[in-house]
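The structure under discussion appears below in the form of structure tokens.
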Amino acid sequence: MDRGVTRINGLVVVDDRYGGNYEGRHVIWRQFTAVPGAQGLAFVYRQVQPADDAAALFEAATIAASWHITTEGR
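Just so you know, we're using the numbering used here here: the sequence shown kicks off at 3 and counts up by one.
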């Protein structure tokens with residue numbers, strides 16, 4: 003597991019990357035968690051048997067970068 007803290011559109015976000023085997027298949031996850039105001043939000047991206055782990059994790063970051071969250075969580 004790898005954890006980092008980053009900003010997405012000005013909001014501080016926890017960035018978790020982890021992987022392993024599930025039912026004999028290689029799986030990776032990338033989760034971005036933000037708490038704007040009093041409500042928590044998470045984007046979880048999972049790929050089963052990706053051809054390229056780094057490319058799959060980068061794709062998740064690209065999708066998360068499109069988040070437009072206000073401090074009120076709306």
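Just so it is clear, CB atoms sit at the ideal spot from N, CA and C, and this is done for glycine as well.
Remember, it's a predicted structure, so these values are computed and weren't measured experimentally.
- request: Specify, as a first and last residue, the run of the alpha helix (DSSP H) that Ala56 falls within.
  value: Taking the first residue of the sequence shown as 1, we reach residue 56 at position 54. Ala56 -> alpha helix (DSSP H) spans Asp55 to Ala66.
message: Quick check on DSSP: helix, strand or coil for Val37?
response: By one-based count along the sequence shown, residue 37 stands at place 35. Correct three-state label for Val37: coil.
query: Quick check: the stretch 43-50 against the stretch 17-30, are there 3 or more CB pairs under 8 Å?
result: yes
field: Reduced DSSP category for His70 - H, G, I as helix; E, B as strand; rest coil
entry: Counting from 1 along the sequence shown, the entry for residue 70 is found at position 68. Reduced to three states, the DSSP call for His70 is coil.
- request: Figure out for me which residue from Ser68, Gln41, His28 and Asp18 has the closest Cα to the Cα of Asp55.
  value: For the purposes of this step, residue 55 is identified with residue 53 of the sequence shown, where counting begins at 1. Comparing Cα positions, the closest option is His28.
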